[in-house]
Amino acid sequence: MNPALLGVSALFYLALVSTFYVVVLGGVAAYRRFFAGRAPQSVIKRILLLALLFPPVAALLPTVAGVILRHMHGPSMVAPEHGMPGEAPTTIAHHTMACALLFERIGAMVSFGASSQIISLVLGIGTWLLLGWGLIYAARLTWATHRLETGISPLLAQPSSPLAESLERVGNRLGLSASFHSRFFECALPPDRSSVMGLQRAKCVLSREFIQTAPPEELDALVAHESGHLRSGDVYAAFAVGLLNCVFFFLRPVRIIGGWWREAAELAADDTAVRGTGNDPLAVASAILRVRGTTVRTFALPTPLLPFADESVLSAEKRIERLLAQAERAAPMARTETRFQVALTWGATGILALLGAGLLVSSETACVTHCTLELIQRVL
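In my numbering, the protein residues as written are 283 to 662.
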């Protein structure tokens, strides 16, 4: 196995991922610039943003498998008995070989007092260290999330009378089932920390202080807002986006696209809150104003993780301005997508993700297939 060539493969994969995200960032930014008024909070937009984030991750496993198989069994590709031309490795695994040739030319053109093998090895080691550091951040984020979930569980209490009454009102307006109410709890938290949490079973934890001090319409707004996050599975998507930000913390487009998804998720939850209050945007805006004075604190996350977990979301000012504009227009909220529309968008998401992953792994497919057939022939 050639360590220098293996390092160059990792560097090329990282360059490919970076290019992919830059192109996606440009496309989404152009769409937001020219079609900003077309419901960025809709289910379709949020699912498409997630679909555009994850193809490089889907491509990582077969890419690594192809690199390992090629370096372990690559010589068999040009064995004389196969009658394959000398350039077969470049054809079968062109991206790694082309990258290696590129560094050979760079080493020949620039005199660093070292061979291109050493340059490739140093750059490859740097790439692996960068990706490894991102995986460490992702592991720490996972542990911190688990610690938060297990630590807060003993402190949760069943809904008090005001919260139970609010759940009944919101449930009637949004059509929530009775079993859905069992996923709401209250706890002695600051008002700004009411949220949906939990990866094993998502649940909504509301601030007891807010429940006791807020008027009924604002409590309905908070319950409806968090139920929107709960029904959409935003807690799982947000965790996945956070992991992606950790792994690729050195790629700014990943964080920006993840922030756009969080913005769309907040706007969608605000729309659910308006419907849950009986089409009263002012009640939702008032609830946001009640909690905006408190300092947002992300506890149970290690300090180095805060920039990469991307906890920031759409500012309260912009959300309130949007709600006030809705109140001035007195227009009804957009209808919720039907099950058929949601199923259709999930299907489109799968196709888009497969196409994106296929583009990224196409240079590995022939190599993996060839090496697998070689191994089978040797066994037989």
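Yeah, the Cβ is synthetic: ideal placement off N, Cα and C, and Gly gets one too.
Nearest residue (CA-CA) to residue i, options the options
i, options, result
"Leu488", "Pro444, Arg455, Ser514 and Val404", "Pro444"
"Gly480", "Tyr518, Glu468, Ser461 and Ala496", "Tyr518"
"Pro338", "Asn527, Arg315 and Pro473", "Asn527"
"Val310", "Ile539, Lys600, Ile570 and Leu571", "Ile539"
"Asp562", "Arg429, Pro498, Ser509 and Pro535", "Pro498"
"Pro473", "Thr495, Phe336 and Leu456", "Thr495"
"Leu456", "Trp410, Ser509, Arg465 and Ala439", "Ser509"
"Gly414", "Pro535, Leu296, Glu599 and Ala598", "Leu296"
"Leu254", "Phe316, Val573 and Ile400", "Shown here, the chain extends from 283 to 662; a query on residue 254 therefore has no answer."
Cβ-based neighbour list, residue i, same chain, cut-off 7 Å, excluding 5 preceding and 5 following
i, result
"Asp516", "Val478 and Ala547"
"His463", "Leu449 and Gly453"
"Val529", "Gly416, Leu417 and Ala420"
"Leu533", "Ser300 and Tyr303"
"Arg451", "Asp502"
6 Å CB neighbourhood of residue i in its chain, flanking five on each side removed
i, result
"Ala555", "Ala503, Ala506, His507 and Val566"
"His511", "Val478 and Ala551"
"Leu564", "Ala609"
"Ser568", "Glu500"
"Lys327", "Ala546"
"Pro535", "Tyr303, Val304 and Leu307"
"Ile275", "Lying outside 283 to 662, the shown extent of the chain, residue 275 is not represented and no answer is given."
Local Cβ density within 10 Å of residue i, reported as buried at 16 or more and exposed below that
i, result
"Arg475", "buried"
"Val306", "buried"
"Phe492", "buried"
"Arg334", "A small fix is needed here, since residue 334 is Leu in this sequence, not Arg. So Leu334 counts as buried."
"Arg557", "buried"
"Glu468", "buried"
"Arg429", "exposed"
"Ala520", "buried"
"Arg537", "buried"
"Phe466", "buried"
Between the CA atoms of residue j and residue i - distance to the nearest angstrom
i, j, result
"Ser442", "Gly524", "33 Å"
"Lys485", "Ala312", "36 Å"
"Val325", "Leu403", "45 Å"
"Leu549", "Thr559", "15 Å"
"Leu331", "Leu423", "22 Å"
"Ser435", "Leu412", "35 Å"
"Phe394", "Arg604", "Reliability of the predicted coordinates at Phe394 is poor, the pLDDT of 47 falling under 50, and the value obtained from them is presented with this limitation in mind. C-alpha separation (whole angstroms): 57 Å."
"Leu437", "Gly408", "44 Å"
"Ser459", "Glu447", "14 Å"
"Asp553", "Ala522", "23 Å"
"Gly308", "Arg314", "10 Å"
"Pro367", "Trp543", "The predicted model places Pro367 with a pLDDT of 39, which falls under 50 and marks its position as unreliable; any figure quoted below should be read in that light. Going from the Cα of Pro367 to the Cα of Trp543 covers about 48 Å."
"Phe336", "Arg513", "22 Å"
"Ile329", "Phe531", "22 Å"
"Gly433", "Gln440", "17 Å"
"Glu599", "Phe316", "22 Å"
"Ser461", "Phe622", "24 Å"
Residue i Cβ short of 7 Å to the ligand MN heavy atom set
i, result
"Leu445", "For the structure depicted, the ligand MN is absent and the ligand set is empty, with no information on it obtainable."
Spatial neighbours of residue i in its chain, beta-carbon cut-off 8 Å, leaving aside the 5 residues before and after
i, result
"Val392", "Residue placement at Val392 is poorly supported in this model, since its pLDDT is 46, which falls under 50; the coordinates still yield a value, given next. Excluding sequence neighbours, Val392 sits near nothing in its chain."
"Glu431", "Met479, Gly480, Leu481 and Gln482"
"Ile602", "Ala567, Ile570 and Leu571"
"Leu606", "Pro563, Leu564 and Ala567"
"Arg490", "Ala439, Ser442, Glu468, Cys469, Ala470 and Leu471"
C-beta neighbour in chain B for residue i, strict 8 Å
i, result
"Leu449", "Considering every chain present, this structure includes no chain B. It has just one protein chain."
* Tell me the start and end of each unbroken beta strand (DSSP E) in the stretch 427-501 that is at least 3 residues and wholly inside, in chain order. => 466-469, 477-479 and 485-489
* 4-residue-minimum alpha helix (DSSP H) runs that sit fully inside the stretch 520-570, ordered along the chain -> 534-558
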